[in-house]
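Trainee: Pasting a structure below so you can have a look.
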Amino acid sequence: MFMPFIGKIGLCQGSGVIQLDTSGTLIYGPVPSDGSDHFNLYGTNDAFILQGANGNYVVAAGAGYAATAAAGAAMNQFALGGSGASTTITDLGTGGTGTHLLWSVTGTALSGIAVPTTPPASSLFTSTQITPESPRSCKAGSALPIPI
30 MFMPFIGKIG LCQGSGVIQL DTSGTLIYGP VPSDGSDHFN LYGTNDAFIL
80 QGANGNYVVA AGAGYAATAA AGAAMNQFAL GGSGASTTIT DLGTGGTGTH
130 LLWSVTGTAL SGIAVPTTPP ASSLFTSTQI TPESPRSCKA GSALPIPI
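The following block contains the structure:
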């Protein structure tokens, strides 16, 4: 299935970012120097797949998420909510079907929680468009996604 490229993003929260660890697991931590905090989005704002810097696609893995799926495999779809420093990511389930979960950070762990009426602070990110001009800036209010 073809899904158009819609942008490359970073997700900041406080002084840390969502990134891949060496096994491909999505975690929260300090800004890395290797670009493992950059994610490609394919699809639309309402239903997209995420590709990690390791070239693999993001899927649910236990209580969290990992970029371990190869192209063509069953993978989770996600949706953007909010904007700027109040951006949320909702997991729509494998293939966009299933229970919706909101991404949430606890310590260094990224997990999916039941979607509440009001997202908690642990689920609010600053979305950052990655471009050659500003590859690691975390600016509140950035528009997302914009193809690069």
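Counting the sequence shown from 1 gives a position; my numbering is that position plus 29.
Where is the CB? At the ideal position from N, CA and C, for every residue including glycine.
Quick caveat: nothing in here was measured; it's all calculated off a predicted structure.
#1: Tell me which residue opens and which closes the beta strand (DSSP E) that residue 140 is part of.
#2: Let me check understanding here. Comparing Cα to Cα, which of 141, 83 and 124 lies closest to residue 130?
#3: Among 126, 60 and 92, which has the Cα closest to the Cα of residue 107?
#4: Distance check for residue 38 and residue 180, CA to CA, integer angstroms please.
#5: Among 112, 50, 45 and 71, which one has its Cα closest to the Cα of residue 105?
#6: Compare the beta carbon distance of residue 80 and residue 57 with 9 Å and say whether it is the shorter of the two.
#7: Excluding sequence positions up to five away, which residues of its chain have a Cβ less than 7 Å from the Cβ of residue 148?
#8: Quick check on the DSSP output: the beta strand (DSSP E) that includes residue 119 runs from which residue to which?
Mentor: Per the coordinate set shown:
#1: 138-143
#2: 141
#3: 126
#4: What is shown of the chain runs 30 to 177, which leaves residue 180 out entirely.
#5: 71
#6: no
#7: 117 and 131
#8: 117-123
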